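Okay, so here's the structure we're looking at.
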Amino acid sequence: MTALVRELWRYPVKSMQGERVAELEFGPEGAAGDRAWAVRDERRGGIRGAKQIPELMRCAAAYAETPAPGPSRPAHIRLPDGAVVATGDEDVHRRLSEALGTPVTLWPLLPADAVDHYRRGAPTHADLETELRAIFGRTAEEPLPDLSKLPPELFEFESPPGTYFDALPVLVMTAASLARLEAAAEDSVFDVRRFRPNVLVETGEGPGFPEDHWIGARLRLGEVELAVETACPRCVMTTHPFAELPKDPAIMRTLVQEHGGDLGVYCRVLRPGRVREGDALQVTSGA
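For the sequence shown, our numbering gives the first residue as 8, with consecutive numbering after it.
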């Protein structure tokens, strides 16, 4: 079977539920409209995601019109109580703060030279190891992820300045990896929405982790070419409850036991263009 693009996703607001779409346009900085907005913690400072504010995952964001690459475009946010607020509404900051239970403001992307905007806020825990274990959902017995494979600016900034990505612009996963993990933890639901990829690929292989072999290679899908940079270390967000999915710490226990806590691969865009569900995916040498 030829590897195919099974699902495409974008997430208008960092850490909120996103939207599955039939096609995505990729610019040099990733999928158009992806992570175009984020909340800033007005108590501790810094851009924050659901690692620190879990209630973000109970909100959902979508675009009324398909966004193009470039500046942040207007989006609508469905709050946990079902009410809807637009990113441009005068009371959006107040309503989000009330919904999340902490004072926040909502921000579009700012230029990369607005470094203070992207700088990390105060940690939740005084001890660094405790902070990292909380962020990555690891028990005292489990190893912390190897952070050296991520962009070094993440030690100073919440995201690479000019973006709201956790690390790199594009996340690709395979259905085979989800199948492998679900087989190892029959009481857990390894729903793709927990793991927030841009591209879910159907390889036609049995349960396994085929994307492990793509690191250092290039992916061609539709009009787009991606460079596969590194595996994605998973965090506590994968265990949070949202929609009909319950809180499930066993998700992280299984990820650590079966695959060292990694799932999917981070990529950069080498050739922009459009990708559609059903497009073939080709893996080529990185040379």
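Here a beta-carbon is modelled for each residue, glycine too, at the ideal position from N, C-alpha and C.
Please read these numbers as outputs of a predicted model, since none were measured by experiment.
If you run the structure through DSSP and keep just helix, strand and coil, what is residue i?
i: Leu117; result: coil
i: Ala197; result: The sequence given here places Phe at residue 197; Ala does not occur at that position. Residue state, collapsed to three classes: coil.
i: Tyr125; result: helix
i: Asp233; result: At residue 233 the sequence reads Leu, which differs from the Asp that was named. The answer is strand: DSSP assigns Leu233 an E or B state.
i: Asp269; result: strand
i: Ile84; result: strand
i: Thr73; result: coil
i: Ile54; result: strand
i: Thr261; result: helix
i: Glu26; result: strand
i: Phe162; result: helix
Relative to the C-alpha of residue i, which residue among the options is closest?
i: Ser166; options: Ser22, Ala10, Leu11, Ala39; result: Ser22
i: Phe164; options: Ala121, Ser79, Met180; result: Ala121
i: Tyr273; options: Ser292, Ala234, Gly128; result: Ala234
i: Pro74; options: Arg55, Val99, Tyr18; result: Tyr18
i: Val177; options: Glu160, Ala68, Phe197, Leu226; result: Leu226
i: Tyr70; options: Arg27, Asp269, Ser292; result: Arg27
i: Arg278; options: Glu97, Phe33, Gly108, Asp219; result: Phe33
i: Gln24; options: Gly271, Ala250, Glu105, Ala43; result: Ala250
i: Ala43; options: Arg201, Gly223, Pro168; result: Pro168
i: Leu288; options: Ala224, Ala174, Pro115; result: Ala224
What does a CB cutoff of less than 7 Å around residue i pick up in its chain, not counting 5 residues either side in sequence?
i: His247; result: Ala57, Pro61, Met64, Lys254
i: Pro214; result: Ala183, Ala186, Arg187, Ala190
i: Val221; result: The sequence given here places Trp at residue 221; Val does not occur at that position. The answer, listed in chain order, is Val235, Val272, Val290.
i: Leu117; result: His124
In terms of residues, what are the limits of the alpha helix (DSSP H) holding residue i?
i: Leu107; result: 99–107
i: Ala183; result: 182–191
i: Glu138; result: 135–143
Near residue i, what residues of its chain come up, given a Cβ to Cβ distance below 8 Å and the 5 sequence neighbours on each side ignored?
i: Gln264; result: Ala191
Can you list, in chain order, the residues of its chain whose CB lies under 6 Å from that of residue i, leaving out five sequence neighbours each side?
i: Ser195; result: Asp255, Ala257, Ile258
i: Ala38; result: Arg17, Leu31, Asn205
i: Ile54; result: Ala45, Arg47, Glu165
i: Gly128; result: Asp48, Arg51, Gly52, Gly53
i: Val20; result: Trp44, Ala68
So residue i is in the beta strand (DSSP E); what residue range does that whole segment cover?
i: Val243; result: Note, Val243: premise wrong, no beta strand (DSSP E); not H, not E.
i: Arg47; result: 44–48
i: Glu297; result: The chain is shown only over 8 to 294; residue 297 falls outside these bounds and no answer can be derived.
i: Leu226; result: 225–228
i: Trp16; result: 11–17
i: Gly211; result: First-last for Gly211: undefined, no H or E at that position.
i: Leu288; result: 288–291
i: Val91; result: 91–93
i: Arg283; result: 280–283
Contact between the stretch 137–151 and the stretch 89–106: three or more CB pairs below 8 Å? no
Quick check: the stretch 272–292 against the stretch 222–234, are at least 3 beta-carbon pairs closer than 8 Å? yes
Is the stretch 139–150 in contact with the stretch 71–89, if contact means three or more CB pairs nearer than 8 Å? no
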